[in-house]
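K.L.:
Here you go, one structure.
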Amino acid sequence: MVQILDIILPIFTLVIAALLTIPVFRIIRKQGRHKTALTMSWFLVVFLIAGVTVANLALTYFSTANPAPLNLALDGSASTAVSSSFLVDALSIYMAIIIVAVSAVVMVYSVFFVDSNERPSDRYFAIMLILTAALLGAVLAGDLLTFFIFWEAATAAAAFIMMYRKNAFSLNATLKYLIMVIIASAFVLFGLSIVYGITGSLNYNALREALNASTLVASDKNLLIIAFVFIAAGYAIEAAIVPFHFWLPDAYTAAPAPSAAFLSALVDQGSYYILIRILLYIIIPTGPNQVLNWTLMLAFLASMTMVIGNVFALIQNDVKRLIAYICVADVGYNLVAITSVTSLGLAGNLYFFLIGGLTTALAFMVIGIINNYGIRTLSDFAGIGKKMPLVSIALVVAGLSFAGVPPLGGFIAKYLVFTAAIQAQLGWLAVIGVLTSILQTAYIFRLINVMYAKKPKDETPIKENKRILIPVFILVAAIFILGLFPNIVLQLLQPATQQLSALIPAI
Amino acid sequence: MTLPILLAVFAIPTISIPFVYFAGKKSPKLAAMFVALIALINIMLVLSTVPEILNSTKHQYLESYTWIPTIINTRFSLFLDGISASIALISLVLIFVAALFSVNYMAGKKNLPSYYALLCMLSVGLVGVFLTSNLLLFYFCWELMLVPAYFIVGEWGYRNSYKSAFKLFIFTHAGAVFVLLGIGAVYWLTNGQTDMIAAQTALLTASPEIVKWVLVAFTAGFAVKMAVFPVHLWLPDAHSEAPAPMSALLSGVIISAGAYAIIRISFGVVFPSVGVAFGTSFLEALAIVGVITAFFGSFLALVATDIKRLIAYSSIAHMGYIMFGLSLFPVALADNNPVLLVTASAIAVVGTVLHIVTHAVSKGLFFLTAGGVMHQTEERDINKMGGLASKMPFATVSGTIAALSIAGAPPLACFISEFLIFVGAIQIINITGGLSSFYIIPTALMLIATVFSLAYSLRFISKVFLGTSKDEAVPEEGHKDATEHVKEESHKIVDVPNYMKVSLAILVVLVVLIGIYPTFFINLIKTVTFGGLS
Numbered sequence: 000m001v002q003i004l005d006i007i008l009p010i011f012t013l014v015i016a017a018l019l020t021i022p023v024f025r026i027i028r029k030q031g032r033h034k035t036a037l038t039m040s041w042f043l044v045v046f047l048i049a050g051v052t053v054a055n056l057a058l059t060y061f062s063t064a065n066p067a068p069l070n071l072a073l074d075g076s077a078s079t080a081v082s083s084s085f086l087v088d089a090l091s092i093y094m095a096i097i098i099v100a101v102s103a104v105v106m107v108y109s110v111f112f113v114d115s116n117e118r119p120s121d122r123y124f125a126i127m128l129i130l131t132a133a134l135l136g137a138v139l140a141g142d143l144l145t146f147f148i149f150w151e152a153a154t155a156a157a158a159f160i161m162m163y164r165k166n167a168f169s170l171n172a173t174l175k176y177l178i179m180v181i182i183a184s185a186f187v188l189f190g191l192s193i194v195y196g197i198t199g200s201l202n203y204n205a206l207r208e209a210l211n212a213s214t215l216v217a218s219d220k221n222l223l224i225i226a227f228v229f230i231a232a233g234y235a236i237e238a239a240i241v242p243f244h245f246w247l248p249d250a251y252t253a254a255p256a257p258s259a260a261f262l263s264a265l266v267d268q269g270s271y272y273i274l275i276r277i278l279l280y281i282i283i284p285t286g287p288n289q290v291l292n293w294t295l296m297l298a299f300l301a302s303m304t305m306v307i308g309n310v311f312a313l314i315q316n317d318v319k320r321l322i323a324y325i326c327v328a329d330v331g332y333n334l335v336a337i338t339s340v341t342s343l344g345l346a347g348n349l350y351f352f353l354i355g356g357l358t359t360a361l362a363f364m365v366i367g368i369i370n371n372y373g374i375r376t377l378s379d380f381a382g383i384g385k386k387m388p389l390v391s392i393a394l395v396v397a398g399l400s401f402a403g404v405p406p407l408g409g410f411i412a413k414y415l416v417f418t419a420a421i422q423a424q425l426g427w428l429a430v431i432g433v434l435t436s437i438l439q440t441a442y443i444f445r446l447i448n449v450m451y452a453k454k455p456k457d458e459t460p461i462k463e464n465k466r467i468l469i470p471v472f473i474l475v476a477a478i479f480i481l482g483l484f485p486n487i488v489l490q491l492l493q494p495a496t497q498q499l500s501a502l503i504p505a506i
Numbered sequence: 000m001t002l003p004i005l006l007a008v009f010a011i012p013t014i015s016i017p018f019v020y021f022a023g024k025k026s027p028k029l030a031a032m033f034v035a036l037i038a039l040i041n042i043m044l045v046l047s048t049v050p051e052i053l054n055s056t057k058h059q060y061l062e063s064y065t066w067i068p069t070i071i072n073t074r075f076s077l078f079l080d081g082i083s084a085s086i087a088l089i090s091l092v093l094i095f096v097a098a099l100f101s102v103n104y105m106a107g108k109k110n111l112p113s114y115y116a117l118l119c120m121l122s123v124g125l126v127g128v129f130l131t132s133n134l135l136l137f138y139f140c141w142e143l144m145l146v147p148a149y150f151i152v153g154e155w156g157y158r159n160s161y162k163s164a165f166k167l168f169i170f171t172h173a174g175a176v177f178v179l180l181g182i183g184a185v186y187w188l189t190n191g192q193t194d195m196i197a198a199q200t201a202l203l204t205a206s207p208e209i210v211k212w213v214l215v216a217f218t219a220g221f222a223v224k225m226a227v228f229p230v231h232l233w234l235p236d237a238h239s240e241a242p243a244p245m246s247a248l249l250s251g252v253i254i255s256a257g258a259y260a261i262i263r264i265s266f267g268v269v270f271p272s273v274g275v276a277f278g279t280s281f282l283e284a285l286a287i288v289g290v291i292t293a294f295f296g297s298f299l300a301l302v303a304t305d306i307k308r309l310i311a312y313s314s315i316a317h318m319g320y321i322m323f324g325l326s327l328f329p330v331a332l333a334d335n336n337p338v339l340l341v342t343a344s345a346i347a348v349v350g351t352v353l354h355i356v357t358h359a360v361s362k363g364l365f366f367l368t369a370g371g372v373m374h375q376t377e378e379r380d381i382n383k384m385g386g387l388a389s390k391m392p393f394a395t396v397s398g399t400i401a402a403l404s405i406a407g408a409p410p411l412a413c414f415i416s417e418f419l420i421f422v423g424a425i426q427i428i429n430i431t432g433g434l435s436s437f438y439i440i441p442t443a444l445m446l447i448a449t450v451f452s453l454a455y456s457l458r459f460i461s462k463v464f465l466g467t468s469k470d471e472a473v474p475e476e477g478h479k480d481a482t483e484h485v486k487e488e489s490h491k492i493v494d495v496p497n498y499m500k501v502s503l504a505i506l507v508v509l510v511v512l513i514g515i516y517p518t519f520f521i522n523l524i525k526t527v528t529f530g531g532l533s
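Heads up: the protein sequence lines correspond to chains A and B, in order.
So for the first sequence, numbering that gives the first Met the number 0 puts the first residue at 0; every next one is plus one.
So for the second sequence, numbering that gives the first Met the number 0 puts the first residue at 0; every next one is plus one.
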């Protein structure tokens, strides 16, 4: 039986670890040698403990067969009406697992990437740990207020790690990001206040029942729906759906590589998570408990996002910005999966979270390594295939996974998403998705072409730093394995799809 | 409990990829032998399933393993029937021969361990396509062929090789994603079924309106791979700029995989569920596309001057033949009766599949000979060649046999298959209304097209092998300096080296053998049933 302690422990552990990071770094700096090894072992210990706590949560929850979603208030009582509560169901546990796993790998990369001798780096790592903790809290939240609190913490942390380098470009991008967050939060708060005023609760389950309650007057119900549209719009802005995506390319390009990897792999997935919660769990689009059929509008937004993301990526010269625009396009693919309200759609969505996150993290990591040698634009990349063979292989794998070529994970993700769209009778959306995929393949291959076919600008050999390739190749192996044996992950997310079909019987 | 023979055919090349790479680091010849050995083992394994195909009642060899049981419920199903066994055998032979040929052809080039490892990876996808009966696994192998093809063509190819490789990838991938859409639609229409055999029966209850689009999506995607007109744009560049062993594989087998996929998936899974009216018009459209492609390819081959481009255009022409043969295919299904290919109305099908096999062998031989000639003379333009018959007798014999087989001359391989296609066409004309049949004009046009293929084959032979060689030509007045310059530059042209000789010899023997005794393959192909579970 899951206790409140099981839920709070992972979050708590990471926050304590974040606070402890600063004195630990001071101690490490005093050592003469093995600084990187010590830093690495500190973080591995932290993530081991965090992993154990999350595993404990997962195992306790799944110890019963067919567990139901569990809503726990802070005082430990299980109730569905309380605001300020945590929700444990298969979806949150899946998100928690991938958050801890992916952040561990990105953290290992950051240790190699960021020089731990620099003064603010201890705060950088501490803030990263806090970001992970906040995201964990956000996915385990049981009501909109708790989610809001943790999410704001996460965006604040994200802003800090974005502007780590403190140059003009980073500050500019961070400012844009913060303004976006403030505007989006304003929308969300406005909606939340209306919702609380009408229903008296912000709990997910309570809201779902309130929207369907027969005691609700029609005018109240319409006001509620408008309020929810505000909330969804606020989070949509944070998810970088077109036309609110303008902050993302600047933010991801300005952020140092580990931050960009973190942001694209985890913070993005958090924003999709809340969209799933609001759109699928509260504003149920089909079936006997239907509230509002938002599928067509979201499908339109999804198609715009895919097209604009890919078209803008086509014209980019700076490779990091190109990957950032691919992230925008990935938002579109995730939205296609959300729009297809089928169990295959949810499975595709959750699978895309993991694989999309892994692939963008891998891409940003590799670009970060290459950028360190001053190689930035497409023409700079000429001949990299020969000069830095291992790094290029990793980038080719990331590119092929983006393009959706078997046997990499990206293919299974896109297959699930497009089949779900066809199954939901949104065939036109699948066709647009497929056409934009072809476009994506084109510009990714332009990059690969430049890397291998063109002669390098100068013949200076580059010695590849082998240690930093370890986390890179962990991700490469993961993408391969998940492409060949997707069952590993599909088994993890099957309980989530089963719980959703219990909720929406039509799928 | 059946032996995991097909799984071994799949698994052996897959696990060998790193070993091939490390063997290549020691010596490229070792890696080539490794790849050839793997191909040989696979040939033995596939041959061992042939008795069961011929003698069992279902005429199939099935294996099925668990792969993705959750959510999408896809099994790792492998299966061989007469058609896939024939084509799989011939592709394995080509891989074997290409590996042997590469020993001499690629000697001295850089990064050879990667080349052989990529060749091994290519063979996984290539044979896998013919071995699966699950749509998702089929798509896996289909796209798996593309990545090593891209890198082999790009890295070891000739002029602008990466650009040609890019064209190959993007065209084929674009076609493949439409196939993916089709697979998604089949998944939706059959409530989650991705097994080919099961999907076919499940689709019979779906609405023909939607199944029409699925058929179009599938066939369009496969047609891009086949490089018929008007989606042929990638083939001339890709096949002519690829290194010769890769060209042989590309032209011989990889584009035939498109034709196989049309037979197996478009016709085997989807076609029985579209209405008769749409089905008939669809087939007529295929016939028109086939005729146009055959003429287009033949004309361009007739005026080509680059030796490999000429052969690439001839590949387009032969894909036109195969497309024409495919359009004759399921007319027999018009009465919704399952058809055993022994019946008279199905001779066209036997001919088409046999043509896939014979074309693979002949085109492989053609490309490898051209590669050998290029390698020895260091020349690509056929106008600059000539008189090689005295200098390279072995290459001349193999080149002549290849060219004549492509032209369809008896007793070489392609003759019997083209003959069967035409006999089948006349049968179909008989069935579909005699003198008022649609197929009269396409058949007549295809007969004329064979004349053109003979024309470009003879042109090839005469320009490359016959005549006098250029450095023996009498210099004109005032051109003395140029000729002396040429005389100083020209090196001694010798015949192809030993490994190339072996590989060419194997293919020559096969071409002649299949031409005289095609019964082995015809017996295999005849056992297949379409249009219903048996």
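All C-beta atoms in this analysis are idealised placements derived from N, C-alpha and C, irrespective of residue type, glycine included.
Note that the structure is predicted; figures quoted are calculated from it, not measured.
Find the residues of chain B that neighbour A:N448, judging by a C-beta separation of less than 7 Å, and give them in chain order.
P.N.:
Chain B residues near A:N448: Y161, F165.
K.L.:
Where does B:H478 land, buried or exposed, given buried means 16+ other C-beta within 10 angstroms?
P.N.:
At B:H478, the pLDDT of 45 sits below 50, so the modelled position is not reliable; the number obtained from the coordinates is stated separately. With fewer than 16 other CB atoms across the displayed protein chains lying within 10 angstroms of its CB, B:H478 is exposed.
K.L.:
Take B:F277 and list the residues in its own chain whose beta-carbon comes closer than 6 Å to its own, dropping the five residues that flank it on each side.
P.N.:
K211
K.L.:
Should B:T357 and B:S416 be called a contact, given that it needs their Cβ atoms to be closer than 7 Å?
P.N.:
Taking 7 Å as the cut-off, the beta carbon of B:T357 is found closer than this to the beta carbon of B:S416.
K.L.:
Return helix, strand or coil for B:E62, following the three-state DSSP convention.
P.N.:
Residue state for B:E62 is assigned as strand, using DSSP reduced to three classes.
K.L.:
Whose C-beta lies closer than 7 Å to the C-beta of B:A481 among residues of the same chain, with five residues either side of it excluded?
P.N.:
The predicted model places B:A481 with a pLDDT of 45, which falls under 50 and marks its position as unreliable, so this point remains unresolved.
K.L.:
Can you name, in chain order, every residue of its own chain whose Cβ lies under 6 Å from the Cβ of A:V107, other than the five neighbours on each side?
P.N.:
P470
K.L.:
Given 8 Å as the limit, is there contact between the segment 175 to 193 of chain A and the segment 225 to 235 of chain A, that is, 3 or more CB pairs closer than that?
P.N.:
Flag = yes, the segment 175 to 193 of chain A and the segment 225 to 235 of chain A touch.
K.L.:
Can you give me the Cβ contacts of B:R458 inside the same chain, cut-off strictly under 8 Å, excluding the 5 residues immediately before and after it?
P.N.:
L301
K.L.:
Between the C-alpha atoms of A:V390 and B:L367, what's the straight-line distance to the nearest angstrom?
P.N.:
Rounded to whole angstroms, A:V390 to B:L367 spans 35 Å at the Cα level.
K.L.:
Within the same chain, show all residues whose beta-carbon is closer than 8 Å to that of B:S132, passing over the 5 residues directly before and after it, in chain order.
P.N.:
L61, S76, L77, F78, D194, M195, I196
K.L.:
So, using beta-carbon positions, are A:A132 and A:L37 closer together than 7 Å?
P.N.:
no
K.L.:
In angstroms, rounded to a whole number, what distance separates the CA positions of A:T285 and B:N190?
P.N.:
The alpha-carbon atoms of A:T285 and B:N190 are separated by roughly 19 Å.
K.L.:
Please confirm whether B:E488 has its beta-carbon closer than 7 Å to some beta-carbon of chain A.
P.N.:
Confidence at B:E488 is low in this model, with a pLDDT of 44, below 50, so its placement is unreliable and no value can be given for it.
K.L.:
Look at the Cβ atom of A:V113, then the Cβ atom of A:S120, and state whether they are nearer than 7 Å.
P.N.:
Yes.
K.L.:
Name the chain B residues that come within less than 8 Å of A:N486, Cβ to Cβ?
P.N.:
W66, I67, P68, T69
K.L.:
Could you list the residues in the segment 138 to 160 of chain B with a C-beta less than 9 Å from some C-beta on chain A, going in chain order?
P.N.:
Y138, F139, C140, W141, E142, L143, L145, V146, Y149, F150, G153, E154, N159, S160
K.L.:
Is there at least one Cβ from chain A nearer than 7 Å to B:W233's Cβ?
P.N.:
So, not an interface residue.
K.L.:
A:L69 by DSSP, collapsed to three states: which one?
P.N.:
strand
K.L.:
Suppose contacts are defined by Cβ-Cβ distances below 7 Å. Is B:A87 in contact with B:A35 by that definition?
P.N.:
no
K.L.:
Less than 8 Å between the CB atoms is what I'm expecting for B:L453 and B:V290, so what's the real figure, rounded?
P.N.:
That pair is no contact at about 17 Å.
K.L.:
Need the endpoints of the beta strand (DSSP E) that B:T73 sits in, please.
P.N.:
73 to 80
K.L.:
So which of B:L506, B:L364, B:I440, B:I16 has the shortest CA-CA distance to B:A243?
P.N.:
By alpha-carbon distance to B:A243, the top candidate from B:L506, B:L364, B:I440, B:I16 is B:L364.
K.L.:
For A:M296, is the classification buried or exposed, using 16 other Cβ atoms within 10 angstroms of its Cβ as the cut-off for buried?
P.N.:
Around the beta carbon of A:M296, a 10 Å sphere encloses fewer than 16 other beta carbons of the protein chains shown; the residue is thus reported as exposed.
K.L.:
Along chain B, in chain order, which residues have C-beta atoms closer than 7 Å to that of A:V475?
P.N.:
Going along chain B, no residue has its Cβ under 7 Å from A:V475, so there is no contact; the nearest lies around 14 Å.
K.L.:
Check this for me: beta carbons of B:V19 and B:A116, under 7 Å apart or not?
P.N.:
yes
K.L.:
When the Cα of A:I461 is compared with those of A:I383, A:R122, A:V330, which residue comes out closest?
P.N.:
A:I383
K.L.:
Tell me, please, which residues DSSP counts as bridged to B:H67.
P.N.:
One detail in the question is off: residue 67 of chain B reads as Ile in this sequence, not His. Note: B:I67 sits in a beta bridge opposite B:T73.
K.L.:
Is there a Cβ from chain A that is less than 7 Å from the Cβ of B:G127?
P.N.:
no
K.L.:
Grab me the residues of B:V396's own chain with a C-beta within less than 6 Å of its C-beta, minus the 5 sequence neighbours each way, in chain order.
P.N.:
none
K.L.:
Considering Cα atoms alone, identify which of A:A495, A:I7, A:F11 is closest to A:D88.
P.N.:
A:A495
K.L.:
Mind listing the chain B neighbours of A:F417? Cutoff is C-beta to C-beta under 8 Å, in chain order.
P.N.:
L179, L180, G183
K.L.:
Please classify B:I440: is it buried, with 16 or more other beta-carbons within 10 angstroms of its beta-carbon, or exposed?
P.N.:
exposed
K.L.:
Are A:D249 and A:A360 closer than 7 Å when you measure CB to CB?
P.N.:
Taking 7 Å as the Cβ cut-off, A:D249 and A:A360 do not qualify as a contacting pair.
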